[in-house]
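Asks:
Number of protein chains: 2
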Amino acid sequence: MSGRLFGLGVGPGDPELITMKAHRILTAAPVVAYPAPDTGDSFARSIVAAYLTGSQVEIPIVVPMRVERFPAAEVYDKASAEIAAHLDAGRDVAVLCEGDPFFYGSFMYLFERLGQRYSTEIVPGVSSLMASASALKRPLAARNDVLTVVPGTMPDAELEQRIAGADAVAIMKVGRHLPRVRALIERMGVMGAAGYCERVSLEEEKILPLESVTAHAAPYFSMILIYKGGEEWIRTLPFGGDADAG
Amino acid sequence: MSGRLFGLGVGPGDPELITMKAHRILTAAPVVAYPAPDTGDSFARSIVAAYLTGSQVEIPIVVPMRVERFPAAEVYDKASAEIAAHLDAGRDVAVLCEGDPFFYGSFMYLFERLGQRYSTEIVPGVSSLMASASALKRPLAARNDVLTVVPGTMPDAELEQRIAGADAVAIMKVGRHLPRVRALIERMGVMGAAGYCERVSLEEEKILPLESVTAHAAPYFSMILIYKGGEEWIRTLPFGGDADAG
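Same order as they appear, the protein sequences are chains B and S.
Its first residue numbered 11, the first sequence is counted upward by one per residue in my numbering.
Its first residue numbered 11, the second sequence is counted upward by one per residue in my numbering.
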């Protein structure tokens, strides 16, 4: 009998923000796979490092971090073949996914290759979207709000239209687009509604009003949340804490 | 010293989809509050029932379920006063929140009243949004997709515009609007891209292509996900499982 493939959401970074289900499956799996940069540690692995048993086979899926167009098909074909060999031998494989597996995650590339061939279960995780709202201490969306999630890579004209047309906006993948996106938000007059969140739930997390952010680039794990909905009191909340700390 | 207020995301329904952090705080809190209907059990409480210690003070926040406009201010004023009395006496209070506390949740009404007066921490949870994508076995959003979350109460013209203008759409609060929303999706020619998810992660969960749903109303805990993005292979996935089961 073939092993089972698990896509495990391990949450935004704090090891305690993993679900009990992901923890159970992770600690029972003989094989653990995870995305890893070509230099340095795997973030997904670092989140659950304390839970690994020490006797698990590990499969790092090496994804070059500084290359815009890396040979994705090649990388995931190779990783899928390696994972499939374990599944064929009857061993369960747990794939670690930062945040949630199906919310803009790379797990889908393995799922594309293996999901129809093997018994597969996706274990949802706490997304950085929700974790950022919690850290900013502002509801992400309320009542009948329209929430839109967009990439920071989007050109100004479309981004402006998206921000104007929603009650709540999450801008992901801000990166080097930070100064441009920040300037657009300022121009649109919604700076007061915008919070900035970096490396949420980790010790080095940064939670700031966007207007206090002066950096020229944001790290990969960062997000801007804008609340423009009908709840007046939400728009006046200090970002990340009590009014004194605001 | 005052007690601390916790907004605990307890996930979509499966007790194992609670985070280890929420579990730790929940089992240590002397006081536990949760939304409850005027008749029947509290869903949030039922999720964590097995984790309650038996010696905790419980505060059900009774919200009439079948009334469109219930006296919300009165209900949350009263609950806040009761919670504040425990906090003033130095007792921590854990408020249970279905899914994630700040993703369209009612915790915000308590946070509005208590969040600035008391030391407050929000513990993010697994949202039904991510849990539904996991159960449907389709990525929610990929790469640079625009994802929009809308309420099913939205009138047809606006809903049509929202669906047309996004790569991925989540329609929440479908309820009695199901036949209308379903008809709109059919008219727009995106029925094949639409999955339906009901009571996700519970034993009685229903995972179906929307076109197979014939009910006249959806329960409160249901969602429609539409994937229209650029990834062709995602659009051909069977909903909820392997091709044979699809």
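Ideal Cβ positions, reconstructed from N, Cα and C, are used throughout, including at glycine.
1) List, in chain order, every chain S residue whose beta-carbon is nearer than 8 Å to that of residue 3/B.
2) Could you tell me the distance, in whole angstroms, from the CA atom of residue 59/S to the CA atom of residue 50/B?
3) Is the Cβ-Cβ distance between residue 17/B and residue 117/B less than 9 Å?
4) For the segment 179-197 of chain S against the segment 226-238 of chain S, do three or more pairs of beta-carbon atoms, one drawn from each stretch, fall closer than 8 Å, so that the two count as touching?
5) Quick one: any contact between the segment 131-147 of chain S and the segment 130-138 of chain B, if contact means 3 or more CB pairs under 8 Å?
6) To the nearest angstrom, how far is the alpha carbon of residue 63/S from that of residue 191/S?
7) Would residue 130/S pass as a contact of residue 235/S if the rule is Cβ separation under 9 Å?
8) Is there a C-beta anywhere in chain B that falls below 9 Å from the one on residue 71/S?
9) Can residue 141/B and residue 240/B be called in contact, C-beta distance under 9 Å?
10) Whole angstroms are fine: how far does the CA of residue 44/B sit from the CA of residue 102/B?
11) Excluding the 5 residues flanking residue 39/S on each side, which residues of the same chain have their C-beta closer than 6 Å to its C-beta?
12) For residue 156/B, which residues from the same chain have a beta carbon less than 6 Å from its beta carbon, with the 5 sequence-adjacent residues on both sides left out?
13) Thinking C-beta only, is residue 46/S closer than 9 Å to residue 67/S?
14) Who are the Cβ neighbours of residue 183/S in its own chain at under 7 Å, not counting the five residues just before and after it?
15) Given a cut-off of 9 Å, decide if residue 29/S and residue 29/B are closer than it, judged by their beta-carbon atoms.
16) Along the alpha helix (DSSP H) that carries residue 142/B, what are the first and last residues, could you check?
17) Rounded to whole angstroms, what's the CA-CA distance from residue 211/S to residue 211/B? Just pull it up for me.
18) Mind listing which residues of the segment 95-122 of chain S have their C-beta closer than 9 Å to chain B's C-betas, in chain order?
19) Checking contacts by CB at 9 Å: is residue 161/S closer than that to chain B?
20) Output yes if chain B places a C-beta closer than 9 Å to the C-beta of residue 134/S; else output no.
21) Please tell me whether residue 151/B has its Cβ less than 9 Å away from any Cβ of chain S.
22) Quick one: does the C-beta of residue 234/B sit closer than 8 Å to a heavy atom of the ligand SAH?
23) DSSP on residue 108/B, reduced to helix/strand/coil?
24) Of the choices 95/B, 99/B and 70/B, whose alpha-carbon is the least far from that of residue 85/B?
25) Using a Cβ-Cβ cut-off of 9 Å, state whether residue 244/B counts as contacting chain S.
26) Which value, in whole angstroms, describes the spacing of the CA atoms of residue 223/B and residue 194/B?
Replies: This is what the structure gives:
1) The structure shown does not extend to residue 3/B, since chain B is modelled only from 11 to 256, so the question has no answer here.
2) 42 Å
3) yes
4) yes
5) yes
6) 43 Å
7) no
8) no
9) no
10) 14 Å
11) 102 and 104
12) 176 and 177
13) no
14) 161, 162 and 163
15) yes
16) 138-146
17) 25 Å
18) 109, 110, 111, 112, 113, 114, 115, 117, 118, 121 and 122
19) yes
20) yes
21) yes
22) Inclusion of the ligand SAH in the displayed structure is not the case, the ligand content being empty and no account of it being possible.
23) coil
24) 70/B
25) yes
26) 14 Å
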